[in-house]
Amino acid sequence: MRYLNSVLILVVSLGFLACNDQGNWFGPVYDVEGNLARDRGIIDEYLQTADFDSISRIHDPSGVVVIVKEEGTGSRPQSGNTVYANYIGYLLDGSVFDSNLEDVAKENDIHDEERNYDIFSFLLDVPAGQGGAIEGFNFGFKRLRSGARATLIIPSPHGYRDNENIPRIPPNSVLVFDVEFLGMD
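What the sequence shown shows, in mature numbering (1 follows the signal peptide of the UniProt record, and there is no 0), is residues -18 to -1, 1 to 167, in sequence order.
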């Protein structure tokens, strides 16, 4: 019994040591709600100063803002559809960090000779590592009809969060994407 009590005390003690200051077992937890609240203010300020030629603006409950520049005539995608698009991704300061368009990559000194600059395709509502895209694309493209042109403003929790290993994108960045919704399967 004494041995069992000693083991129990040891396990409980190790448990407290393993927990971080938020009581989580596996290290720090990304603060989705806190970052969404912070990013909401950043996005609101950006929208006050940005000049968009648009026909409508959609504020998705997720925090993603969809600025429709040209309405599509096709249907909206559903979970599991393959979406085909062209995109230009940039930060709020206007610096381009990625594009599937080779001429845009060259113009912005981000061209990669090893890369194929093809039409971007992703499975809607599928995680990025399994054929999907960042979460913000899922929210944004669900609001568009095939054939649309739009700008998606994506808060950091629906982009790359606090990932420090994404080239040209600082952690916790709000992302802006000009997209052309080419079609879907």
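Cβ coordinates follow ideal geometry from the N, Cα and C atoms, glycine included.
Test item: CB-CB of residue i and residue j under 7 Å
| i | j | result |
| --- | --- | --- |
| isoleucine 136 | glycine 114 | no |
| valine 48 | arginine 125 | yes |
| tyrosine 66 | isoleucine 101 | yes |
| valine 50 | isoleucine 37 | yes |
| aspartate 13 | phenylalanine 121 | no |
| serine 155 | leucine 73 | yes |
| arginine 150 | phenylalanine 104 | no |
| aspartate 21 | serine 138 | yes |
Interface flag, residue i vs chain B, CB-CB below 7 Å
| i | result |
| --- | --- |
| aspartate 85 | Absence of chain B from the displayed structure is noted, only one protein chain being present. |
Residues sharing a beta bridge with residue i, DSSP
| i | result |
| --- | --- |
| aspartate 160 | Ile70 and Thr133 |
| residue 172 | The requested residue 172 is not part of the displayed model; the chain covers only -18 to 167. |
| arginine 39 | Ile49 |
Residue from the options with nearest C-alpha to residue i
| i | options | result |
| --- | --- | --- |
| glutamate 15 | Lys88, Ser44 and Ile101 | Ser44 |
| glycine 71 | Asn63, Glu84, Pro59 and Thr64 | Glu84 |
| arginine 97 | Ala87, Ser103 and Leu105 | Ala87 |
| proline 152 | Asp75, Ala19 and Gly62 | Asp75 |
| aspartate 144 | Arg39, Leu157 and Val108 | Leu157 |
| isoleucine 40 | Phe104, Ile116 and Phe123 | Phe123 |
Coil, strand or helix - residue i by DSSP
| i | result |
| --- | --- |
| glutamate 53 | coil |
| methionine 166 | strand |
| serine 128 | coil |
| glutamine 4 | With a pLDDT of 44 at glutamine 4, under the threshold of 50, the modelled position of this residue cannot be trusted, and the question is left open. |
| glycine 122 | helix |
| alanine 115 | coil |
| glutamate 146 | coil |
Bounding residues of the beta strand (DSSP E) (the contiguous stretch that carries residue i)
| i | result |
| --- | --- |
| valine 78 | 78 to 81 |
Start-to-end residues for the alpha helix (DSSP H) that takes in residue i
| i | result |
| --- | --- |
| glutamate 27 | 14 to 31 |
| asparagine 90 | Per DSSP, asparagine 90 belongs to no alpha helix (DSSP H) and is neither H nor E. |
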